[in-house]
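2 protein chains.
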Amino acid sequence: MYRAVRASRLYEQIVEQIEESILQGALKPGDQLPAERELAQTFAVSRTAVREAVKALHEKGLVEAYSGRGTFITNGASQGIRQSLHWLLRVGHEEGLAYLAEMRAILEPEIAALAATRVEESHLAAMREAFGVMDRSRQDPAAFIEADLDFHLALAEAAANPLILSLIDSIVDLLRQQRIRIFHVQGGPERGQFHHSRILEAIESRNVEGARAAMRAHLEQVREDSRSSQAQPLARKIS
Amino acid sequence: MYRAVRASRLYEQIVEQIEESILQGALKPGDQLPAERELAQTFAVSRTAVREAVKALHEKGLVEAYSGRGTFITNGASQGIRQSLHWLLRVGHEEGLAYLAEMRAILEPEIAALAATRVEESHLAAMREAFGVMDRSRQDPAAFIEADLDFHLALAEAAANPLILSLIDSIVDLLRQQRIRIFHVQGGPERGQFHHSRILEAIESRNVEGARAAMRAHLEQVREDSRSSQAQPLARKIS
DNA sequence: GAGGTATAGTGGTCGAACCACCGTATCCCT
DNA sequence: AGGGATACGGTGGTTCGACCACTATACCTC
Chain A
0 MYRAVRASRL
10 YEQIVEQIEE
20 SILQGALKPG
30 DQLPAERELA
40 QTFAVSRTAV
50 REAVKALHEK
60 GLVEAYSGRG
70 TFITNGASQG
80 IRQSLHWLLR
90 VGHEEGLAYL
100 AEMRAILEPE
110 IAALAATRVE
120 ESHLAAMREA
130 FGVMDRSRQD
140 PAAFIEADLD
150 FHLALAEAAA
160 NPLILSLIDS
170 IVDLLRQQRI
180 RIFHVQGGPE
190 RGQFHHSRIL
200 EAIESRNVEG
210 ARAAMRAHLE
220 QVREDSRSSQ
230 AQPLARKIS
Chain B
0 MYRAVRASRL
10 YEQIVEQIEE
20 SILQGALKPG
30 DQLPAERELA
40 QTFAVSRTAV
50 REAVKALHEK
60 GLVEAYSGRG
70 TFITNGASQG
80 IRQSLHWLLR
90 VGHEEGLAYL
100 AEMRAILEPE
110 IAALAATRVE
120 ESHLAAMREA
130 FGVMDRSRQD
140 PAAFIEADLD
150 FHLALAEAAA
160 NPLILSLIDS
170 IVDLLRQQRI
180 RIFHVQGGPE
190 RGQFHHSRIL
200 EAIESRNVEG
210 ARAAMRAHLE
220 QVREDSRSSQ
230 AQPLARKIS
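Same order as they appear, the protein sequences are chains A and B. Under numbering that gives the first Met the number 0, the residue at position 116 of the first sequence is numbered 115, and the numbers go up by one with no gaps. Under numbering that gives the first Met the number 0, the residue at position 141 of the second sequence is numbered 140, and the numbers go up by one with no gaps.
Here you go:
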């Protein structure tokens, strides 16, 4: 059944060494990686091997290469999660969005609860800012949705769990691309803002149970709006 | 701020075409990808470009290459999630495990709840099997832990949400590597089995609230055992 | 028939060369 | 002296052709 593990794979060793350098702090996000030709010399391997290593690092989201400029370290460690979810969504087609919504329904209330215990002033400021933008953008779907996602992202940051943050970051990114627009249901933004304000208030007053309940109510409303917008597909015309 | 998106990147186009083939069903898991030299001819590019594409697909977890045999399609779409979590854990060091535990604490009770509504006989069989193995392995830490993880995995499968399943699958895989062993706390396995049986019963009788509560209680116990095992680090000696 | 041995095909690595692109320093013209 | 076109060096992207290590299979020998 099992096959002997081969330690070989030259480029993997290079990947590990570079990853180690990042972990040690020798390479920080934004730093430029040495040129491929130089790395090849350093590791005493061909440039091909180095390129494969860089390619792997790129796919992991640890590095970004710009032709003519160089390769730079990024902090997009959640890149891989985003891509995986993206793929799972593609193979899942329509049901995929339902699964994504279900996952949100599980995560977000607890995120709100965590946020209520750990929130700091900077997060509150970001949330208030996003809330304000939404208030001013009831006529601008794109801006409203953008701010909506920012709101949820700030909330996830307040929960202060990098793993969960990465997950929500990926989900938000997917929603941004899919451009869910339950938005145009009659009175949608108003109802959304009502719930947002309740969430914000609960977080501000460190009310754990209140935050959880408010988020649940919010998601419940979004789900119902989503259903009714499917019933009248005209509302989906807006890009 | 933004930079023009360059569509170029030859190998990315190849990646997309192959991904498309997989989505269309022309390539199914287990199938062998055409040889690199052949693909190069098909796409009318150099073998190098093909290799970079294959490398990218490999990093995404869509493909597995064996030297001397060929490259095969895999169904490990959650590979990327695993790697990302693995990386986030590495950069997070010690706290990482706490964050992981927190995420589990959020997900698993809801998974149990979902499972209670969707479970099928095959999942129940898998869970009973894992339960039985644990019962017979109170003296064998490795086997017990393995079965424990299987139990939680079967539960996640019963929840019938592929996104969540991928996540739990990744988390379980990480825990397997990290070899958490709260196991050796006095009476640990017995307490664990008590909770497992309660969870199993709740799922069997489709008791949503009961399943959620039982899982919460289980995780709570694990957390306490984990704390006390840190207090007496001797228990960590077992590999 | 059982054994080992050639063989052909696979992915992995190498090296050299060329391309397209970018930033900058330089030079020339005004 | 100032400002804009230009040349240059460096970077990643791509190509080619060759060789290596490995694997499975077919063949050949005993």
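No residue lacks a Cβ here, since even glycine has one placed at the ideal position from N, Cα and C.
Excluding sequence positions up to five away, which residues of its chain have a Cβ less than 8 Å from the Cβ of residue i?
i, result
"A/Glu18", "Leu56 and Leu61"
"A/Arg205", "Ala115, Thr116 and Val118"
"A/Ser239", "Since the first residue shown for chain A is 0 and the last is 238, residue 239 of chain A is missing from the structure and cannot be characterised."
"A/Thr41", "Pro33"
"B/Ala216", "His194 and Arg197"
Helix, strand or coil, according to DSSP, for residue i in the structure here?
i, result
"A/Thr116", "helix"
"B/Ala210", "helix"
"A/Leu26", "coil"
"A/Val53", "helix"
"A/Ala283", "Because chain A in this structure spans residues 0 to 238, residue 283 of chain A falls outside the shown range and cannot be described."
"B/Arg205", "coil"
"A/Ser169", "helix"
"B/Val90", "helix"
"A/Val44", "coil"
"A/Ser77", "coil"
How would you write the range of the beta strand (DSSP E) that residue i sits in, first residue to last?
i, result
"B/Ala64", "Val62 to Tyr65"
Pick from the options: whose alpha carbon is nearest that of residue i?
i, options, result
"A/Asn160", "B/Leu87, B/Phe143 and B/Val53", "B/Leu87"
"B/Gly209", "B/Gln192, B/Val53, B/Glu145 and B/Thr116", "B/Thr116"
"B/Ser306", "B/Pro28, B/Leu123 and B/Asp168", "Since the displayed chain B opens at 0 and closes at 238, residue 306 of chain B lies outside it and no answer follows."
"A/Leu22", "A/Thr73, A/Leu9 and A/Ala39", "A/Thr73"
"B/Ala100", "B/Ile167, B/Ala76, B/Phe42 and B/Ala129", "B/Ile167"
"B/Leu152", "B/Glu200, B/Arg103 and B/Glu51", "B/Arg103"
"B/Ala129", "B/Leu173, B/Gln192, B/Leu162 and B/Arg81", "B/Gln192"
"B/Ser121", "B/Leu154, B/Lys59, B/Phe42 and B/Val14", "B/Leu154"
"A/Glu37", "A/Met126, A/Ala48 and A/Ser83", "A/Ala48"
"A/Gly24", "B/Val90, B/Lys59 and B/Gln78", "B/Val90"
"A/Pro28", "A/Ile80, A/Ala39, A/Gly75 and A/Ser66", "A/Gly75"
"B/Ser83", "A/Arg127, A/Ala157 and A/Ser169", "A/Ser169"
"A/Val44", "A/Glu94, A/Leu164 and A/Tyr10", "A/Tyr10"
"B/Gly67", "B/Glu219, B/Gln31, B/Met126 and B/Gln138", "B/Gln31"
"B/Glu189", "B/Val171, B/Asp134 and B/Leu218", "B/Asp134"
"B/Arg127", "B/Glu200, B/Glu219, B/Ala39 and B/Glu15", "B/Glu200"
"A/Met214", "A/Ala112, A/Glu156, A/Arg8 and A/Ala158", "A/Ala112"
Pull the bridge partners of residue i from the DSSP assignment, please.
i, result
"B/Ile72", "B/Val62"
"A/Leu244", "Because chain A is modelled from 0 through 238, residue 244 of chain A falls outside the range shown and cannot be assessed."
The alpha helix (DSSP H) that contains residue i, what's its start and end?
i, result
"B/Ser20", "Leu9 to Gln23"
"A/Asp139", "No alpha helix (DSSP H) holds A/Asp139; DSSP gives it neither H nor E."
Excluding five sequence neighbours on each side, which residues of the same chain lie with their C-beta closer than 7 Å to the C-beta of residue i?
i, result
"A/Ala64", "Val53, His57 and Thr70"
"B/Ala142", "Val132 and Ser136"
"A/Glu35", "Arg46, Val49, Arg50 and Val53"
"A/Gly79", "Lys59 and Gly60"
"B/Leu218", "Arg103, Ala104 and Glu107"
With a threshold of 6 Å on Cβ separation, who are the neighbours of residue i within its own chain once the five nearest residues in sequence on each side are excluded?
i, result
"B/Ile202", "Ala114, Ala115, Val118 and Ala210"
"A/Ser165", "Ser77 and Ile80"
Under the criterion of a Cβ to heavy atom distance below 7 Å, does residue i qualify as lining the ligand MG?
i, result
"B/Arg103", "Although the ligand MG was asked about, the structure shown includes no ligands whatsoever."
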